[in-house]
Amino acid sequence: MSETAGAIKAFEEQAAHALMRAQEVADAVKEELGRAELRAERAETMLRLAESQAEQMSATLEQAHEELQSLRSQLASKTAELTASERRADDAETAIEQILDVVRAQLPGKLNIPSE
């Protein structure tokens with residue numbers, strides 16, 4: 550019986566040590582879980598911030614795209630105006646040359662200068 554009592558006592562001591570180690574492991578896991586939860590919360594916060602920044606960048610990009618389209622349209626309009634102005638200037642230059650040719654042709658006769 551004393552052997553049985555000794556065996557039971559040894560078993561109880563081993564169980565107590567195992568229980569103590571299990572409690573230590575559980576406490577360590579609990580701490581690690583707490584740290585993991587904090588990291589997850591920080592990651593979620595950073596994700597929300599990144600998403601917000603991405604939305605802002607997307608809106609800015611869309612606005613820049615719209616402004617670029619507007620500038621392209623203005624450039625096309627100004628290019629058309631320039632082309633029309635150049636055409637009118639060419640036409641005016643041609644008309645002036647024609648007038649000068651007529652004036653030169655008539656001038657010697659009006660001034661009684663012999664033509665060359």
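Reminder that position 83 of the sequence shown reads as 632 in the numbering used here, one-by-one numbering, no gaps. The beta-carbon is built from N, C-alpha and C at its ideal position, and this holds for glycine as well. Computed from a prediction, not measured in an experiment: that's the story for all the values here.
Cβ shell of residue i (< 6 Å), same chain only, five flanking positions each side left out
| i | result |
| --- | --- |
| residue 645 | none |
| residue 650 | none |
Coil, strand or helix - residue i by DSSP
| i | result |
| --- | --- |
| residue 550 | coil |
Same chain, Cβ closer than 7 Å to residue i, neighbours up to 5 away in sequence not counted
| i | result |
| --- | --- |
| residue 561 | none |
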